[in-house]
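Residue numbers (the numbering used here), protein chains in the order written: chain E, -13 to 439; chain D, 272 to 898; chain U, 3 to 108. Taking it in order: structure first as structure tokens, then the write-up.
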Amino acid sequence: MSALLIVFAAAILVLFLGINKPESAMKWPSVILLMLAGLVALSGVDLATWLTVPESMISYSSMDRLFVALLCGIGALVIAVFDALSSKGSDRLGLMMLSLTGAVMLVGQENLVMMFLGIEVMSIPLYVLAGSDKQNIFSNEAAIKYFLLGAFSTAILLLGSAFLYGATGTLVLQSMTHKASMYAHFGVYPPMLVAGLVLLAVGLLFKVSAVPFHFWAPDVYEGSPTRSTAFMATIVKIAGFSALLRVTMAFEPMSLWYQNAVAILAILSIIVGNMMGLVQSSPKRMLAYSSIAHAGYMLLVLLLVGQAQFEADSILYLYLVAYSIASTGAFAWIEWATQRSGKMDFTMFNGLSSNRWAIVNMVIVFLSLAGIPLTAGFAGKYYLFASAFSIHPLAVGFALLGTLLSIAYYFRAFRFAFADTQESTPNAKFSWVLMLVSVAILLVGCAPMWFMP
Amino acid sequence: MNLYILLALPLLGFTINGLFGKQLPKFVVGALASSLVFIPFVLALTLWSEVKEAAIVSQPFTFLQVGDLNIEFKLMLDRLSLIMTLIITGIGTLIHLYSMAYMADDAGYYKFFSYLNLFIFNMLILVLGANFMMLFFGWEGVGLCSYLLIGFWYHNPDFGYAARKAFVMNRIGDLGLLLGLFMIIQHFGSLDYQVVFSEIAKVSHPQWVYTSIAVLLFVGAMGKSAQIPLYTWLPDAMAGPTPVSALIHAATMVTAGVYLVVRSEVLYTLAPMARDLILYVGLATSLLAAFIGLKQNDIKKVLAYSTVSQLGLMFIALGCGAYSAAMFHLATHAFFKALLFLGSGSVIHGMHHEQDIRKMGGLRKAMPLTYVTFLIGTLAISGFPFLSGFFSKDEILLHTFHHSPWVYGLSVFSAGLTGIYMFRMFFLTFHGTYRNDHYAFEKVHESPILMTLPLMVLAALSLSGGLLNLPHYLTHSHSEALAHWLEPLFVFGDAAVHVEPSTEWALLGVAVSVFVIAFVWMRQKYVVQGRVAENDDQMSGSAKLLAHKFYVDELYDSLFAKPLQALGTWTYRVLDRKGFVAFTDLMGKVTHWKGQTLARIQSGNIELYLIIMVLAAALMLGIELFA
Amino acid sequence: MNTVFQQVDISHYIYLSTVLFSIGLFGVLFRRNAIVLLMCIELMLNSVNLLLTALSTYMGDAGGQLFVFFIMVVAAAEAAVGLAILVMVYRNTRNTTVNFLSNLKG
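Take a look at the structure:
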């Protein structure tokens, strides 16, 4: 709860104090504030004892606090790793932190009202961020697509919530569990419950860009400024999956009923994400499809809910840690390569191999996305696949196949990096934070137990 | 004191020199590496009295755990490993000092010392480990260091080939060792020495279990200690710098196989068939290598074959059940063979990298110190009375005599051959006239003090090494010190030998006369008559056969390497290119094509997106509501 | 307390709001003008509001009505952002047809 207040206060502060200041002035203060929020979330200190919030609205368990810490950490990382963009005002930083506020709310939600609020507070600033490059026609397109599709999916989510409300008579997730177990006991589900659940799921699946609700992702990711893209690809996924897991846990008594549907969606996401990733010519778009594939892998976590021998939330957490660090790093490297070469397609990597430090760090990032051992990505995938295998071997089989495919397109960047060394500029500088990303990836990869609650 | 310090110091040296050696001055690099080997030597010495009471065991921690099998990272310093530790660190220190001068002009100076320290670290793990897993760890580690150091001058492709050969040959042996360890786990459920050996002594298993474990472990020893059929790598390993040959390929690493068998004394006593195998393999190796040594003209190659031959002798001792005699010869051999290698290094240094003994001669005037020490080494190895080699070899011969007369005969013959090839080399190198046209005799120089000092220390050890284990016919009170020292470790102990004193004196007479014959004959041939070894193209018949090492390399090449290469080429051309690669290419093309088809849906058109999303949601709703 | 609302069967409210929602949905699917799309989405949201209010009254639970207030606030914010985006797009392209911008694809 304290972390939420800090993030929100920081957002307001940055928004108003930085209105006329260049972003570079507000960049490091924002990072420090977010780190502070993350630390507070980790420690579990309650700074606002005077504030009492009903448990049925929002509450943070120790697991939730870890998710909050991850959100704040990744938020800080995204802000730190990208160069300051605007010299006129820091409103974009403020918007990012506002969006983060929504994400933190979404993690702590116990109630459909809070879930809706969280999603919207998270999404509305993102619509603006997607279009923040106002003169750029691609950014415009990204904004309008994201907005229209996002608002539409919100409407569907709301209808689902209303139906659930009608079917269970409550908006509190915990109370819904009782109703659900009652229905599951008799094996008969009223149509309103089913419809509500499906529509709610559609709304959430849209947010995490699972197939077939993924169409917005590639277009929006490609068109938005890269920093916004990195933010969307990480923060929204973390918060979205946390919410999805929370809802799944609430309806855990009905797990037999939805399990196959989840597996099919996961398989579809994995196939489509990886196959489309293979044919892209723009690295940024490639990463968008890769994030769809990763969403597919993470959907497998939902299969573990209700299985006593697995801790679905800590497995998801580890995967999200691995995914979001590597993703941020990958987008940052793409931005760096674009600025260096002025190109948008894979030729941006040409001749990078002569810059030894850059290529080493970049390789680590992409290896982690692909899930090669000793990187964070492997640890995440290993725990996830190994546990999901006993529940749904077929889906895991597809996931492994998808991972295999993904290696092909992740490594494509290296083919360009090592193939043509003619146009090399070995002295291009890069941020030390990018080194930190690689170190973090190796650290998580070598000692995943430290990061699994 | 904590045993980990013994390990930590060389590892520290490896780390410092490996990471920062390039920036440090050469003297610092060498001095650091030497002192980090010398300190463990001193520490081990101070532990002498403590070890005498009981073995020191370090605090173990779990190394890996699989099911019921718990393998610990655990060190143990007992009487046997103390001797090995002293040899490794003691001779190691001398060779480090020597290398400071020998490698002074080498560009890879720091790299050399970091490898040497890494080797010492791994060798210490091998002998200090308290279970077979630790032994295996060190076993592989020294193999790696050996590979790195043989190929130290890797710009020469032949040297790189020699390094690879050593590695591959060792891997074949390692496979045997590994299988042996698996069998131990299967039958005894542990790898810990104490557990396994007490289990072996207590519980009776079928005979074939003991025999097959013993043979498999011996296969490992064959690889590391260069026995038939895996010996061919050791002569080629002389491609490495000479100090490496002295340290790794004479004094320490190659004796790891002997250590392994002595350590597993219980097992081998219970597996007489395996022990017979060791005896015959050792005998054959000893003879074969001695024969080949007769016609080698590279000073280091002669010493290499001599090493193989002497290792064979140690295995003969093990085959007879004379464990302490094998350890005794291991120790004395470490002294005089290190001395000989370092002496040959000194010659090579003084002759500016000339290794062919046909191009030497008369060096005793130019390098007096090297000459004297080399003479001592030669006398020691050929069995000059009352030098170290005399005692250790005679102890082994005594056991062979007790075992069977014809084994004794062949062993004595091999010992005689040792004298012949050693004196041949010695006289050709140091006596006669100087025969090198390309390098003036005046330029030949004695080596610096840093190189001659280790020679003198080792010469003193070669002279006095016999004191370790004096036979009881010389002194009753202090006899067989080494055997008594090792006795508490053994469950069954050395095979007992009962020989009449008169027979014993007769055997001594035989040994001395064999030495005298070899000495006189070679002196007559190469000093008095002044003959020189023939050139390669003048050789014929048996000489050619020996000079070409019985064509064993060629045999292995056509028997194993060529067919395997052909198979590899076939799998590459047919299976891989036409099979797997074509298949994966096809898969790639299919996925790519499918991906492009899918990409058409992603048309950029919001309306299409919306319709598909709604249809999908409707489909899901329909399925869940009506199915 | 028996109000007029409660005299009407709850199923009628459900049907009504579902129909309203569908009208909005089809509007979104088949109209081209982005502003009309925005209005249709508002219609969908309002149909949900109606449903929530009816259910809330029917079940005597205040939660649904509370939800409605939140939805109204958020819908307003969303509409504001949406219109701003539309204005921005219009400035650059002089067009508000949704399909006009379809450069990002593949």
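All C-beta atoms, glycine included, are put in the ideal place defined by N, C-alpha and C.
task: Kindly indicate which three-state DSSP category D:MET696 falls into: helix, strand or coil?
output: Within the second sequence, the letter at position 425 stands for residue 696 of chain D. If DSSP states are grouped into helix, strand and coil, D:MET696 belongs with the helices.
field: Min CB distance E:VAL184 to chain D below 9 Å
entry: To locate residue 184 of chain E, count along the first sequence from 1; it is residue 198. Closer than 9 Å: yes.
message: Going by beta-carbon coordinates alone, are E:THR220 and E:TYR275 separated by less than 9 Å?
response: Along the first sequence, read from residue 1 onward, the residue named residue 220 of chain E stands at position 234. Along the first sequence, read from residue 1 onward, the residue named residue 275 of chain E stands at position 289. Their beta carbons are not under 9 Å apart, which means E:THR220 does not touch E:TYR275 by this criterion.
- prompt: Which residue's Cα is closest to the Cα of D:VAL618: D:LEU699, D:LEU896 and D:PRO331?
  reply: Within the second sequence, residue 618 of chain D is the residue found at index 347, counting from 1. For D:VAL618, the nearest C-alpha among the options comes from D:LEU699.
- prompt: What in chain U is Cβ-close to E:ASP205, meaning under 8 Å?
  reply: Here residue 205 of chain E refers to the residue found at position 219 when the first sequence is read from its first residue. Neighbours of E:ASP205 on chain U, chain order: LEU106 and LYS107.
message: At a CB distance below 8 Å, what residues from the stretch 878 to 897 of chain D approach chain U? Give them in sequence order.
response: GLU878, LEU881, ILE882 and VAL885
message: What ranges does the alpha helix (DSSP H) occupy inside the stretch 101 to 185 of chain E, keeping only unbroken runs of at least 4 residues that lie completely in it?
response: 123 to 154 and 159 to 172
- request: Using a Cβ cut-off of 9 Å (strictly closer), state whether D:HIS863 contacts chain E.
  value: Taking the first residue of the second sequence as position 1, residue 863 of chain D is located at position 592. It does: the Cβ of D:HIS863 has a partner Cβ on chain E nearer than 9 Å.
- request: Would you mind telling me which residues of chain E sit closer than 7 Å to D:GLY866, beta carbon to beta carbon, in chain order?
  value: Taking the first residue of the second sequence as position 1, residue 866 of chain D is located at position 595. Within chain E, the residues near D:GLY866 are MET261, MET262, LEU264 and VAL265.
- prompt: Quick one, which residues of the stretch 65 to 85 of chain U are near chain E if we go by CB-CB under 7 Å, in chain order?
  reply: GLY65, GLY66, LEU68, PHE69, PHE72, ILE73, VAL76, ALA79, GLU80, VAL83 and GLY84
- prompt: Does the distance from the CB of E:ALA23 to the CB of E:CYS58 come in under 9 Å?
  reply: The count along the first sequence starts at 1 and reaches residue 23 of chain E at position 37. The count along the first sequence starts at 1 and reaches residue 58 of chain E at position 72. Yes, they are a contact pair.
field: Per DSSP, cross-strand counterpart(s) of U:THR99
entry: Sequence index remark: in the third sequence, residue 99 of chain U carries index 97 (1-based). Partner(s): U:ASN35.
- request: Please list the segments of the alpha helix (DSSP H) lying wholly inside the stretch 426 to 512 of chain D, counting only runs of 4 or more residues, in order along the chain.
  value: 428 to 459, 464 to 473, 478 to 495 and 504 to 507
- prompt: Which of the residues in the stretch 832 to 866 of chain D, read from start to end, lie with their CB under 8 Å from any CB of chain E?
  reply: GLY859, THR862, HIS863, LYS865 and GLY866
Residues that D:GLU343 bridges to, as DSSP identifies them: In the second sequence, residue 343 of chain D corresponds to position 72, counting from 1. D:GLU343 is bridged to D:THR333.
- request: Note down the Cα distance separating E:MET101 from E:GLU321, rounded to an integer number of angstroms.
  value: Along the first sequence, read from residue 1 onward, the residue named residue 101 of chain E stands at position 115. Along the first sequence, read from residue 1 onward, the residue named residue 321 of chain E stands at position 335. Their backbone Cα atoms lie some 33 Å apart in a straight line.
Burial state of D:VAL466, where buried means 16 or more other Cβ atoms lie within 10 Å: For this step, residue 466 of chain D is matched to residue 195 along the second sequence. Looking at its Cβ environment, which holds fewer than 16 other Cβ atoms inside 10 Å, D:VAL466 is exposed.
task: Identify every residue that forms a DSSP beta bridge with D:ASP627.
output: Mapped onto the second sequence, residue 627 of chain D falls at position 356. Beta-bridge pairing links D:ASP627 to D:ASP569.
- prompt: If you scan the stretch 348 to 394 of chain D from start to end, which runs of the alpha helix (DSSP H) of 4 or more residues do you find wholly inside it?
  reply: 350 to 373
message: Against chain U, does D:GLY511 count as a neighbour if the rule is that its beta carbon must be under 9 Å from one of theirs?
response: As a working note, residue 511 of chain D is residue 240 in the second sequence. It does not: the Cβ of D:GLY511 has no partner Cβ on chain U nearer than 9 Å.
CB-CB length for D:HIS604 against D:ALA588, believed under 8 Å: One-based indexing of the second sequence puts residue 604 of chain D at position 333. One-based indexing of the second sequence puts residue 588 of chain D at position 317. The pair is not a contact, with the Cβ atoms about 11 Å apart (cut-off 8 Å).
query: Checking contacts by CB at 9 Å: is E:PHE402 closer than that to chain D?
result: On the first sequence, position 416 is the one that residue 402 of chain E refers to. Chain D contact via Cβ: absent.
message: Comparing C-alpha positions only, which one of D:LEU745, D:ILE310 and D:GLY379 sits nearest to D:PRO296?
response: The count along the second sequence starts at 1 and reaches residue 296 of chain D at position 25. Out of D:LEU745, D:ILE310 and D:GLY379, D:GLY379 has the C-alpha closest to the C-alpha of D:PRO296.
message: My output table needs one value for U:GLY112: the three-state DSSP class, helix, strand or coil.
response: Because chain U in this structure spans residues 3 to 108, residue 112 of chain U falls outside the shown range and cannot be described.
message: 9 Å is my cut-off, CB to CB: does U:PHE23 come that close to chain E?
response: Numbered from its first residue, the third sequence carries residue 23 of chain U at position 21. Yes, U:PHE23 counts as interfacial toward chain E.
Delimiting residues of the alpha helix (DSSP H) encompassing E:LEU56: The residue given as residue 56 of chain E occupies position 70 in the first sequence. That run of the alpha helix (DSSP H) goes 48 to 67.
- prompt: Buried or exposed: which applies to D:TYR539, given that a residue is buried once 16 or more other Cβ atoms fall within 10 Å of its Cβ?
  reply: As a working note, residue 539 of chain D is residue 268 in the second sequence. Per the 10 Å Cβ criterion, buried.
task: Give the residues from the stretch 190 to 221 of chain E that approach chain D closer than 8 Å (Cβ to any Cβ), ordered along the chain.
output: PHE192, PRO198, PHE199, PHE201, TRP202, PRO204 and ASP205
message: Quick check on E:GLY337: does DSSP put it in helix, strand or coil?
response: Along the first sequence, one-based indexing puts residue 337 of chain E at 351. In this structure, E:GLY337 counts as coil in the three-state DSSP scheme.
message: Let's see if you can read the secondary structure: which residues bound the alpha helix (DSSP H) around E:GLY33?
response: On the first sequence, residue 33 of chain E is found 47 positions in, with the first residue counted as 1. Residue 33 of chain E is actually Leu in this sequence, not Gly. Segment: none, E:LEU33 is in no alpha helix (DSSP H) and carries neither H nor E.
- prompt: Can you tell me the Cα-Cα spacing of D:GLY616 and D:VAL525, whole angstroms?
  reply: Taking the second sequence and counting its residues from 1, the one referred to as residue 616 of chain D is at position 345. Taking the second sequence and counting its residues from 1, the one referred to as residue 525 of chain D is at position 254. Distance between the alpha carbons of D:GLY616 and D:VAL525 is about 19 Å.
Proximal chain D residues relative to E:ALA148, where beta-carbon distance stays under 9 Å: Counted from its first residue, the first sequence places residue 148 of chain E at position 162. By Cβ distance, chain D contributes nothing, its closest Cβ being about 15 Å from E:ALA148, past 9 Å.
Cβ pair D:ALA434, D:LEU419 closer than 9 Å: The residue you call residue 434 of chain D lines up with position 163 of the second sequence. The residue you call residue 419 of chain D lines up with position 148 of the second sequence. Contact: yes.
- request: Go ahead and label D:LYS436 buried or exposed: buried means 16 or more other beta carbons lie within 10 angstroms of its beta carbon, across all protein chains shown.
  value: Here residue 436 of chain D is taken as the residue at index 165 of the second sequence, counted from 1. It counts as buried.
- prompt: Can we say the stretch 643 to 651 of chain D touches the stretch 742 to 759 of chain D, given the rule of at least three CB pairs closer than 8 Å?
  reply: no
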